[in-house]
Amino acid sequence: MELKNPYLFAILIQIIQVGMTLFTKAAFNGGMKSYIFIFYRQMTGTIFLVLLTAMFERRSTTPLTLLVFFKIFALAFLGITLAMNLYGITLLYTSASLVSVTANCLPVTTFFFAILLRKEKLNVKKITGVAKLGGIAICVGGVATLAFFMGPILNPPFALHNAQHEPQHQHHVSTFGSTKWIVGCFLSFFSVSSWGLWFVLQAGVLKIYPSKLHFTSLQCLSGAVQSFFVAIAVERDLSEWKLGWNVRLLAILYCGIVVTGVAHYLQSWVIAMKGPVFLAMTTPLNSILTTIGSMFLLGESINVGR
Numbered sequence: 000m001e002l003k004n005p006y007l008f009a010i011l012i013q014i015i016q017v018g019m020t021l022f023t024k025a026a027f028n029g030g031m032k033s034y035i036f037i038f039y040r041q042m043t044g045t046i047f048l049v050l051l052t053a054m055f056e057r058r059s060t061t062p063l064t065l066l067v068f069f070k071i072f073a074l075a076f077l078g079i080t081l082a083m084n085l086y087g088i089t090l091l092y093t094s095a096s097l098v099s100v101t102a103n104c105l106p107v108t109t110f111f112f113a114i115l116l117r118k119e120k121l122n123v124k125k126i127t128g129v130a131k132l133g134g135i136a137i138c139v140g141g142v143a144t145l146a147f148f149m150g151p152i153l154n155p156p157f158a159l160h161n162a163q164h165e166p167q168h169q170h171h172v173s174t175f176g177s178t179k180w181i182v183g184c185f186l187s188f189f190s191v192s193s194w195g196l197w198f199v200l201q202a203g204v205l206k207i208y209p210s211k212l213h214f215t216s217l218q219c220l221s222g223a224v225q226s227f228f229v230a231i232a233v234e235r236d237l238s239e240w241k242l243g244w245n246v247r248l249l250a251i252l253y254c255g256i257v258v259t260g261v262a263h264y265l266q267s268w269v270i271a272m273k274g275p276v277f278l279a280m281t282t283p284l285n286s287i288l289t290t291i292g293s294m295f296l297l298g299e300s301i302n303v304g305r
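According to numbering that gives the first Met the number 0, the residues represented by the sequence shown are 0 to 305, in order.
Below you can see the structure in the form of structure tokens.
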């Protein structure tokens with residue numbers, strides 16, 4: 000399966016990620032536990048990816064060594080198990096718009112790890128290097144301002160899924176600016192940092208194991224196994240694992256098939272073609288669309304800063 004337009008697919012990935020944030024927040028507002036949700040989405044994604052792999056890469060696989068599998072397993076822990084569980088806690092503690100705003104640090108963390116691992120170069124004696132440093136400063140400053148300073152509130156005129164009536168949302172409003180909100184901001188940054196390192200390390204593994212569907216499937220399966228043990232350790236009440244015909248199931252199907260199955264596969268292609276920093280640079284689009292969506296679809300109030 001060859002993809003030819005990295006710019007188009009990078010934008011498509013961000014649009015898909017917007018849906019992930021909104022669906023996930025809606026499921027959490029409905030009372031679903033984040034650890035269980037992550038396991039279900041990973042299992043759904045694994046099943047979908049295995050079917051795709053059987054159709055398109057059955058005979059074009061690269062030999063899988065034990066060392067490569069270990070690297071893929073470690074990548075799954077970093078970018079799926081760790082990052083997604085931190086992301087889930089952040090959504091519970093804060094809001095969908097805040098999570099999307101802190102995601103704007105992804106270009107910064109990705110660029111930092113790319114420099115640290117010598118995947119990118121920074122020359123402060125050139126105008127391009129100064130521009131990069133200036134962009135980093137503006138990015139971090141803007142995210143910090145939006146995360147920690149509360150200004151006028153914009154209430155949505157209408158919402159398709161009114162989160163104001165959800166008990167989880169009421170809890171969220173009472174903790175804005177409190178310890179939980181601040182903890183959520185820091186956890187969101189750690190999640191983004193984990194994703195940034197994940198992007199950079201994926202580029203190296205894809206060079207030695209270029210079968211992208213197999214690569215994505217193995218990552219997804221590894222993440223599902225890891226997420227199961229995390230979920231079963233935290234939540235042993237079997238009633239919490241039951242699914243019904245509601246927003247929880249819809250969120251799992253969307254995040255499992257569209258995000259884990261489609262977006263992660265496209266992501267591996269974009270990283271292989273243009274590098275991890277290129278993909279991370281498209282994340283500001285995510286925050287704009289998520290802020291609009293969380294206001295009109297979830298009924299979240301939006302702070303506009305001081």
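Glycine included, each C-beta is placed from N, C-alpha and C at the ideal position.
**Beta-carbon proximity of Q218 to I71, cut-off 8 Å** = Taking the sequence shown and counting its residues from 1, one reaches residue 218 at position 219. Taking the sequence shown and counting its residues from 1, one reaches residue 71 at position 72. In terms of Cβ geometry, Q218 and I71 form a close pair [threshold 8 Å].
**Asked** Would you call the segment 20–40 and the segment 244–261 in contact, with 3 or more CB pairs under 8 Å?
**Response** Below 8 Å, enough C-beta pairs join the segment 20–40 and the segment 244–261 to call them touching: three or more.
**Prompt:** Does DSSP classify G304 as helix, strand or coil?
**Reply:** Here the question's residue 304 lines up with position 305 in the sequence shown. Only weak support exists for where G304 lies, its pLDDT of 49 falling under 50; the coordinates are left without a value.
**Asked** Could you give the residue range of the alpha helix (DSSP H) that holds V204?
**Response** Along the sequence shown, one-based indexing puts residue 204 at 205. In the DSSP assignment, V204 falls within the unbroken alpha helix (DSSP H) covering 178–207.
**Asked** Taking the C-alpha atoms as reference points, what is the distance between L51 and L212?
**Response** Numbered from its first residue, the sequence shown carries residue 51 at position 52. Numbered from its first residue, the sequence shown carries residue 212 at position 213. So the two alpha carbons sit approximately 8 Å from each other.
**Prompt:** Between T93 and C184, is the Cβ-Cβ spacing less than 8 Å?
**Reply:** The residue you call residue 93 lines up with position 94 of the sequence shown. The residue you call residue 184 lines up with position 185 of the sequence shown. At a Cβ-Cβ threshold of 8 Å, T93 and C184 count as neighbours.
**Asked** Taking C-alpha atoms, which residue in I14, V49, L116, A232 lies nearest to L196?
**Response** Locating residue 196 in the sequence shown gives position 197, where the first residue counts as 1. With distances taken between Cα atoms, L196 lies closest to L116.
**Prompt:** Just the Cα atoms here: how many angstroms apart are K32 and Y86?
**Reply:** Position 33 of the sequence shown, counted from the first residue, corresponds to residue 32. Position 87 of the sequence shown, counted from the first residue, corresponds to residue 86. So the alpha carbons of these two residues sit roughly 13 Å apart.
**Beta-carbon gap between Q41 and T215 smaller than 8 Å** = As a working mapping, residue 41 is identified with position 42 in the sequence shown. As a working mapping, residue 215 is identified with position 216 in the sequence shown. No; because the gap between Cβ atoms is not below 8 Å, this pair is not in contact.
**Request:** Take the Cβ of P275 as the centre, count every other Cβ of all protein chains shown within 10 Å, and call the residue buried at 16 or more, exposed below.
**Result:** Along the sequence shown, one-based indexing puts residue 275 at 276. So P275 ends up on the buried side.
**Validate contact between the segment 73–89 and the segment 188–203 using beta carbons, cut 8 Å, 3 pairs** = Yes, since at least three Cβ pairs between the segment 73–89 and the segment 188–203 fall closer than 8 Å, the two stretches touch.
**Request:** Less than 8 Å between the CB atoms is what I'm expecting for A202 and K118, so what's the real figure, rounded?
**Result:** The residue given as residue 202 occupies position 203 in the sequence shown. The residue given as residue 118 occupies position 119 in the sequence shown. Cβ-Cβ separation between A202 and K118: approximately 7 Å, consistent with a contact (criterion under 8 Å).
**Request:** Within its chain, find whatever has a CB closer than 6 Å to the CB of L288; leave out the 5 residues flanking it on each side and keep chain order.
**Result:** Stepping through the sequence shown from its first residue, residue 288 is reached at position 289. Correct list, in chain order: V17.
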